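Position 167 of the sequence shown, counting from 1, maps to 167 under full-length UniProt numbering, and the rest follow consecutively.
No residue lacks a Cβ here, since even glycine has one placed at the ideal position from N, Cα and C.
Here the structure is a predicted model, which means the values were calculated and not measured.
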Amino acid sequence: MERYSKVGMQELDQRLAKIVEAARKQPVSVYRYGAPWVWIVSQEDWQGALREVASCVPPGHSLALLRPRIEELLREHQGPLAQLAEQQGMTIAPPTLMHVLLLQLLYSVPSEKQLYEQLNYNLLFRWFVGLELKSRLWNFSLFSHDLGVLLGSAMAVSLLQRMVDEVLNASLQAMPEFSLNLALLHSWLARHPGQATPDHHQ
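Here it is, written out as structure tokens:
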């Protein structure tokens, strides 16, 4: 049987039956105007893709190892974070967005827009922040507003600093997939002059 992994629209029109047959064995990406357009996948592959996102994350992945301690720190600050959300009219749960900001630091994601796009399709990011596979993302303006509320809070930024100091720094040398953006963290801290500058040892 012929094998396909990527086809164009013209080839799809000409060889649909063969391509669909091939897709029973291996997903096929259909390109339109040179860009990915749709996937053809088997029923079995599709049902597998609809399983919980957590099943796609290796148990030994660095984020999976770091997550319990991060969530422990977030639980310790649950009250102040909830109060901040109520006072500032936040739509998205603060712990969820604290996970998002940590991802931005860990993977040096350069902008909120790119961070938002990653949450649309990156299964690892979705799992880390607590989104299910089929969960729809929040409106970008709400996302941006609520991130701004957290970064405008000395308490929230101080908590991010503590996560980096207590959880991440001790582990980063053994986790080369991360590229911690300390300059970004410092820029967030600089909005709150009363906060101590973090002392990092990498």
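Relative to the alpha-carbon of residue 138, which residue among 90, 179 and 34 has its alpha-carbon at the smallest distance? The residue with the shortest Cα to Cα distance from residue 138 is 90.
Residue 197, DSSP secondary structure in three states: Residue confidence for residue 197 is low, a pLDDT of 49 falling below 50, so the modelled location carries little weight and cannot support an answer.
Could you tell me which residues DSSP puts in a beta bridge with residue 29? Its beta-bridge partners are 6 and 39.
Does the Cβ of residue 121 have 16 or more other Cβ atoms within 10 Å, making it buried, or fewer, making it exposed? Residue 121 is exposed by the Cβ-count criterion.
Anyone know if the C-beta pair for residue 127 and residue 151 falls short of 9 Å? Not closer than 9 Å, so no.
Taking the continuous alpha helix (DSSP H) assigned at residue 207, which residues delimit it? Residue 207 cannot be examined here, being either before or after the span of the chain that is shown, 1 to 202.
For residue 137, the first and last residue of its enclosing alpha helix (DSSP H): It is not in any alpha helix (DSSP H) - residue 137 carries neither H nor E in the DSSP assignment.
Secondary structure of residue 131, DSSP reduced to three states: The answer is coil: DSSP assigns residue 131 none of H, G, I, E or B.
Buried or exposed: where does residue 7 fall if 16 or more other Cβ atoms within 10 Å of its Cβ makes it buried? Buried, because 16 or more other Cβ atoms sit within 10 Å of the Cβ of residue 7.
At which residues does the alpha helix (DSSP H) containing residue 209 begin and terminate? Beyond the ends of the chain as shown, which are 1 and 202, falls residue 209; an answer cannot be given.
Among residues of its own chain, excluding the 5 on either side of residue 109, which ones have a beta-carbon nearer than 6 Å to its beta-carbon? Taken in chain order, the residues that qualify are 115.
Terminal residues of the continuous alpha helix (DSSP H) containing residue 96? In the DSSP assignment, residue 96 falls within the alpha helix (DSSP H) that extends over 94-106.
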